[in-house]
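Please read the structure below before turning to the comments.
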Amino acid sequence: MNNDYVTCQKEVIQQIKGSLQKGQGNASFVEMRRDYENDDETCLTSVAFIPENIGEAILEKIIKPLRNIEPDHFYYSHELLHLTIKNVRTVHKPPLFDESDVVKVNQLFAELIPTFRFLTFTFEDLILFPTSVSLIGYCNEALKDLVLALDSGLREIGVPDNKKYFSDTIFFGNITLCRFTHAPSISFQNKVKDLEKIYIGATHIKTVHLITCNSICSHKTRKIIGTYQLSSL
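Mapping the sequence shown onto the numbering used here, position 86 (from 1) lands on 127, and the numbers just tick up by one.
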């Protein structure tokens with residue numbers, strides 16, 4: 042994938058890596074914990090689930106090598122892997138939203154999302170965040186148009202996205218692969234560095250789900266509120 046917006050996304054990723062190395066930046070991160078599966082904090086967010094071929098490649102080429110070095114972190118199974126499209130409310134206990142918020146967001150997304158064309162993501166490049174490892178999904182300006190429309194709509198209905206981002210205009214896809222249960226070792230960090238420029242593949246995203254869940258999107262906490270189809274035109 043090669044266009045100006047993707048170039049901007051890649052520049053932002055490099056800026057993020059530089060900021061993280063210096064301990065700078067005010068973006069939101071999930072707190073590190075020992076037990077993610079029984080985490081009872083809840084978020085409201087919109088996601089796309091990952092096709093089987095992409096999920097298998099992620100497991101084989103990234104997650105297995107990392108798990109071999111430090112198996113005691115939390116690693117996502119294929120069923121849990123997801124691409125965040127637009128956050129609404131970050132994980133918290135008690136939740137930072139109520140049932141009326143969920144109803145309003147569902148109505149908004151049902152109206153807006155089908156008016157936008159499906160998204161094509163190219164998955165490449167790892168990034169080491171303070172409490173996790175993520176695979177980046179690059180997409181053209183169709184992603185920016187969708188995210189900005191949803192962001193504006195959320196503000197208008199009184200349920201603004203409370204997450205802090207590195208940029209308010211350059212957005213990219215993010216698949217969390219691993220969440221740390223303790224500070225990662227130098228060996229682990231070096232392996233992430235070795236895999237930093239990995240290419241996994243590309244896929245079309247045509248379906249978006251509004252869900253509530255905990256920080257790892259576990260089955261026992263995941264509730265699908267609404268499912269919306271992006272336009273194929």
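C-beta atoms are modelled at their ideal positions from N, C-alpha and C, and glycine is treated no differently.
Considering residue i, what are the terminal residues of the beta strand (DSSP E) in which it resides?
| i | result |
| --- | --- |
| F164 | 160 to 169 |
| Y240 | 240 to 246 |
Enumerate in chain order the residues of its own chain whose CB-to-CB distance from residue i is below 8 Å, with the five nearest sequence positions on each side excluded.
| i | result |
| --- | --- |
| D81 | K134, N255, T262 |
| V88 | H123, L124, T125, I126, V249, H250, I252, C258 |
Tell me whether the beta-carbon of residue i lies closer than 8 Å to the beta-carbon of residue j.
| i | j | result |
| --- | --- | --- |
| F213 | I177 | yes |
| C219 | Y77 | no |
| E165 | I257 | no |
| F90 | P171 | no |
Per DSSP, residue i forms a beta bridge with which residues?
| i | result |
| --- | --- |
| C283 | Lying outside 42 to 274, the shown extent of the chain, residue 283 is not represented and no answer is given. |
| F212 | In DSSP, F212 forms no bridge with anything. |
| C84 | C254 |
| A89 | L124 |
| I265 | I252 |
| S272 | R158 |
| Y77 | According to DSSP, which records beta bridges pairwise, Y77 is partnered with nothing at all. |
Which residues in the same chain have their Cβ closer than 7 Å to the Cβ of residue i, if we skip the five residues on either side of it in sequence?
| i | result |
| --- | --- |
| Y46 | N181, E182, K185 |
| Q50 | Y179, I211, F213 |
| L100 | H119 |
Is residue i near the ligand ZN, judged by its Cβ being under 7 Å from some heavy atom?
| i | result |
| --- | --- |
| L153 | Annotation note on the ligand ZN: not contained in the displayed structure, which lists no ligands. |
What span of residues does the alpha helix (DSSP H) with residue i cover, start to end?
| i | result |
| --- | --- |
| Y46 | 45 to 62 |
For residue i, which residues from the same chain have a beta carbon less than 6 Å from its beta carbon, with the 5 sequence-adjacent residues on both sides left out?
| i | result |
| --- | --- |
| T268 | H250 |
| R75 | T222 |
| I57 | F207 |
Exercise. Just list the alpha helix (DSSP H) runs in the stretch 107 to 161, keeping only unbroken ones of 4 residues or longer that don't cross its boundaries, in chain order.
Key: 140 to 153
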